[in-house]
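S.K.: Pasting a structure here, questions to come.
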Amino acid sequence: MELNLSTREIVASNVRAEMARRNRQFGELAEILGVSRPTLRRSMAGKRDFTVTEMEEIARWLNMPLMNLMNTSRAETQSPTTDRSAA
Numbered sequence: 001m002e003l004n005l006s007t008r009e010i011v012a013s014n015v016r017a018e019m020a021r022r023n024r025q026f027g028e029l030a031e032i033l034g035v036s037r038p039t040l041r042r043s044m045a046g047k048r049d050f051t052v053t054e055m056e057e058i059a060r061w062l063n064m065p066l067m068n069l070m071n072t073s074r075a076e077t078q079s080p081t082t083d084r085s086a087a
């Protein structure tokens with residue numbers, strides 16, 4: 001099955017998956033990024049681009065290489081659903 005995900009959807013999917021694996025909280029990420037929950041919710045749903053600075057902060061917070069956030073093979077194995085804890 002071929003998925004045509006946008007870069008923002010790929011990044012969002014990878015962030016959601018890594019947060020779940022590491023049991024990281026949505027509110028903590030919003031605080032670290034200095035954005036509101038609604039703003040982060042849009043980013044996590046693939047409806048708003050993360051800035052480069054935000055992606056650098058996320059990678060640091062998750063202790064992973066920045067490029068892993070943009071890895072398409074990781075995103076293709078993830079469900080395209082949004083983070084349910086964000087609601």
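So that you can map any letter, position 4 of the sequence shown is 4 in full-length UniProt numbering, and since no number is skipped, the others follow by simple counting. Ideal Cβ placement from N, Cα and C applies to all residues, glycine included.
Run the CB neighbour count on Glu-54, radius 10 Å, all protein chains shown included, and call it buried at 16 or more, exposed below.
M.R.: Glu-54 should be labelled buried.
S.K.: Only counting runs of 3 or more residues, tell me where the beta strand (DSSP E) segments fall wholly within the region 25-78, in order along the chain.
M.R.: Correct list: empty.
S.K.: Whole-angstrom Cβ separation of Arg-37 and Ala-30, contact assumed at under 8 Å?
M.R.: About 5 Å separates the two Cβ atoms, so the contact holds.
S.K.: Given a threshold of 16 other Cβ atoms within 10 Å of its Cβ, counted over all protein chains shown, does Met-67 qualify as buried or as exposed?
M.R.: Exposed, because fewer than 16 other Cβ atoms sit within 10 Å of the Cβ of Met-67.
S.K.: Considering only C-alpha positions, which residue in the set Leu-62, Thr-39, Gly-46 and Met-64 is nearest to Thr-7?
M.R.: Closest option to Thr-7, Cα to Cα, is Gly-46.
S.K.: Sorted by chain position, which residues of the same chain lie with C-beta nearer than 7 Å to Ala-12's C-beta, five sequence neighbours on each side aside?
M.R.: Once the five neighbours on either side are set aside, the close Cβ partners of Ala-12 are Ser-43, Met-44, Ala-45 and Gly-46.
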